[in-house]
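K.L.:
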Amino acid sequence: MPTTKKKTKSKKKKKTLVIVESPAKAKTIEKYLGSNYHVIASKGHIRDLPKSQMGIDFDNNYKPKYISIRGKGDTIKELKSEAKKAKDVYLASDPDREGEAIAWHVAHALNLDENAKNRVTFNEVTKDAVKESFKHPRTIDMDTVNAQQARRVLDRIVGYSLSPILWAKVKKGLSAGRVQSVALKLVIDREKEIKNFKPKEYWTIDADFEKDKKLFKSSFYGIDGKKKKLPNNEAVQEVLSKIDKKKDFEVEKVVTRQRRRQPPAPFTTSTMQQEANKRLGYRTRRTMSIAQQLYEGISLGKQGTVGLITYMRTDSKRTSPVAQAEASKFLHENYGAEYAAKSQRHFKNQEDAQDAHEAIRPTSVYRTPESLKKVLTTEQYRLYKLIWSRFLASEMTAAVYDTVRADIVQNGVIFRTTGSKLNFAGFTKVYDNQQEKNVELPDLNEGDKVKMEKSDNKQHFTLPPARYTEASLVRALEENGVGRPSTYAPTIDTIQRRYYVKLEGRSIVPTELGEIVDSLIEEFFPDITDVDYTATLENELDGVEDGKKDWVKVIDEYYHPFKKELTTADKEIEKIQIKDEPAGFNCDICGAPMVIKMGKYGKFYACSRFPDCRNTKPIVKKIGVTCPKCGKGEVVEKKSKKNRKFYGCSRYPDCDFVSWDQPISRNCPNDGHFLVQKKTKKGLVVLCPNGDYREDPQEEK
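Residue numbers for the sequence shown follow my numbering, beginning at 3 and rising by one.
(1) May I have a chain-ordered list of the beta strand (DSSP E) segments no shorter than 3 residues that lie completely inside the region 573-634?
(2) As a quick exercise: from T270, F676 and Q276, pick the residue whose alpha carbon is nearest that of R477.
(3) On a Cα-Cα basis, can you pick out the residue from R320, G674, S642 and T379 that is closest to P630?
(4) Relative to the C-alpha of G283, which residue among R384, W169 and K17 is closest?
(5) At the level of alpha carbons, what is the spacing between E438 and A401?
(6) Based on the DSSP output, what are the partners of L19 in its beta bridges?
(7) Taking the beta carbon of F218 as the centre, do at least 16 other beta carbons fall within 10 Å, making it buried, or is it exposed?
(8) Alpha carbon to alpha carbon, what distance is there between I494 and T380?
(9) Which same chain residues end up closer than 7 Å to G161 when comparing Cβ atoms and leaving out the 5 residues on each side of it in sequence?
(10) Under 8 Å: do the region 321-331 and the region 399-418 share three or more Cβ pairs, one atom per stretch?
(11) Looking at the structure shown, is K53 part of a helix, part of a strand, or coil, going by DSSP?
(12) Take every Cβ of the region 455-463, pair it with every Cβ of the region 429-438, and state whether three or more of those distances are shorter than 8 Å.
(13) For the 8 Å Cβ check, are there 3 or more pairs between the region 575-595 and the region 549-557?
(14) Along the chain, where does the alpha helix (DSSP H) containing E100 start, and where does it finish?
(15) Taking only the alpha-carbon atoms, compute the straight-line gap between G224 and F199 and give it to the nearest angstrom.
(16) Report all residues from its chain with a CB closer than 6 Å to the CB of D50; omit the five preceding and five following residues, and keep chain order.
(17) State the start and end residues of the unbroken alpha helix (DSSP H) segment that holds L186.
(18) For H675, name the three-state secondary structure that DSSP assigns.
(19) What is the C-beta distance between Y34 and K129, in whole angstroms, given that I count them as a contact (C-beta under 8 Å)?
(20) Since S163 is in the alpha helix (DSSP H), which residue starts that stretch and which ends it?
(21) Suppose you measure from the CA of L112 to the CA of K350; what does that come to, to the nearest Å?
(22) Look at the alpha carbon of A28 and the alpha carbon of I21, and state the distance between them as a whole number of angstroms.
(23) Based on Cα-Cα distance, which residue from V660, A395 and R347 lies nearest to Y341?
(24) Return the residue from the list L443, D250 and E203 that minimises the CA-CA distance to D258.
(25) Beta-carbon separation of V511 and V184 under 7 Å?
(26) Closest by CA to K704, which one among L168, K187 and V91?
(27) By the 10 Å Cβ neighbour count, where 16 or more other Cβ atoms means buried, how is G309 classified, buried or exposed?
(28) Alpha carbon to alpha carbon, how far is Y297 from A571?
(29) Comparing C-alpha positions only, which one of P487, P466, K53 and M274 sits nearest to K387?
(30) Quick check on G449: buried or exposed, where buried means 16 or more other Cβ atoms within 10 Å of its Cβ?
Written as structure tokens, this is what we have:
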């Protein structure tokens, strides 16, 4: 009889497990690696210090007491389950301190060998970069992990030590942090500069000259070959007395030259945040959120999901030779050889830059913004276009300008005129970060005679320094060595959420609460608000990452002086009473006096019988303008739910007049519509919302 073979069940082949941070990145990477890999996400950190206590063992070398993060139980369970079924486990979280710490925490939770070569990193989420990274796995970098732990422990010590003092002495719900305290101090110090600023008077004399029936502008420079300032009207009249407008001026000195303007470096985290804020109006947190989406991957249809930019948390201006070569090829093909840099560019990093990753750039310049417009959201497109054009510009030749400077003289009085004309666009063909205008002059030669058509002397006053915007505050933090690329956005977000500062337009303005907190910290914890001290500490922490410093020793040297300050502060700080101010009217519900209270989002009216009576009203600011719609109410300044300023009628809801721009008490001379006052880069402008009238209020007679 024929023998029959027993059917045996085929064993299911075990897959290699890869653990990343975000679900979006997990989907992208799994497509690149193929069917033998299974990629899942830890969804950020899975372990952290407990919220209910300090969580640091001070008697055991500041050992952190990590616990599983609340709500991450199912994620940890899934990670353990998939790890048991896997052939191998690789940890592929982001290539920075936080990513290294996440990999270490995941390894601990899954009982993985910390000495195993199971850590892979890549600077861009593209097929080639991801596959190449798996050819070179390494062990978890404990120096980087310790650098993250040191920052986490220090921030916990400062935050959990200072916050209870603020709760007890000022009000509940406040917080203080190591980096946020410095950011707050920078804002408040700038506000003090503005308040203490004393304007100085100065004058200018501008003139229109004519040659060959062409007018050109010039400005007073000096007398008898020397530059002269005009501090007052007397100095102006002295100059004007030397001029005879009926006589010609002589062109005495003409200097022509070529000026080369070099392209900017590709973006770092800081410069990307600054430019996105200035050009696109994006807040720092919003910029980082959009950049994260572009980094993790966007679905490009048949091409699949592709990461469009390199890692967006970096302080390096370095780019890979491969990317530079691709940019050069793209420029030769699309713009011509004259636009491509003749040799590879090397931009100098800041002194304290870690240079761990490349600058922020597109993963391929051949993925042009226009080719991706249909698959990107408006926000993604605008930021990608900014990153793409900035990188491409960094690999281009300089812009060349022909410049002319001429001195025009009569009786020793010198007027100087300058002109410039773009000779070769260079990098400005794709990215112009200054928007220079051509100022063309008539052909001027030494000895030529020109006629003064008119002169205009104006009084001016020096202006105080500008308030910080999010962009300029990021720049100040970076220049002072405070914080690192990953901390700028959350730091600025925190001081706004705590209502230590508020936004007025794009300007960051300190609140009364912020000033109280800053003065307390500065008096009793001077090191925390000391910019140089904080910058030095940042360098010490960077030394931990470089393997040059012991993280326990760095914390120990910081903690002992801080502990003494805590003891002193707890004894000497008297409780600050933020007293309720009388509002001057009674509650319309119970008749008790209303008071002004300080809340999370500023001051508001509340009934003095709180909590028995919970009547509250927003504080509105009258601007002295009658409502242009009903003619009965007054226009008042209000705040939207998103804390944006707008203007409405005091008789709302009976009158629904509303305007984002501040109305003024005059109507448009053309159509009778009410006029509004609007802030522009050049100052305050008065205009008609219908768009047919505009004036500069500073020139109004």
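Backbone N, C-alpha and C define an ideal beta-carbon position, used for all residues, glycine too. In this text, all values refer to a predicted model and were calculated from it rather than measured experimentally.
P.N.:
Concretely, from the data shown:
(1) Those beta strand (DSSP E) runs which fall completely within the region 573-634 and span 3+ residues are 583-588, 595-601, 604-609, 618-620 and 623-628.
(2) For R477, the nearest C-alpha among the options comes from Q276.
(3) G674
(4) Relative to G283, the option among R384, W169 and K17 whose CA is nearest is R384.
(5) 11 Å
(6) H40 and V91
(7) buried
(8) T380 and I494: Cα-Cα distance of roughly 25 Å.
(9) S177, A178 and G179
(10) no
(11) coil
(12) no
(13) no
(14) R99 to A111
(15) 28 Å
(16) I71
(17) R180 to N198
(18) In the structure shown, H675 falls within a coil segment according to DSSP collapsed to helix, strand and coil.
(19) 5 Å
(20) M144 to K171
(21) For L112 and K350, the distance between alpha carbons rounds to 42 Å.
(22) 8 Å
(23) Across the set V660, A395 and R347, the C-alpha of A395 shows the shortest separation from the C-alpha of Y341.
(24) Just to set this straight, residue 258 is Thr in the shown sequence, not Asp. Of L443, D250 and E203, the residue nearest in Cα terms is L443.
(25) No, Cβ-Cβ distance for V511 and V184 is not below 7 Å.
(26) What is shown of the chain runs 3 to 703, which leaves residue 704 out entirely.
(27) The residue in question, G309, is buried, as its Cβ has 16 or more Cβ neighbours within 10 Å.
(28) 45 Å
(29) If we check each option's Cα against that of K387, M274 comes out closest.
(30) exposed
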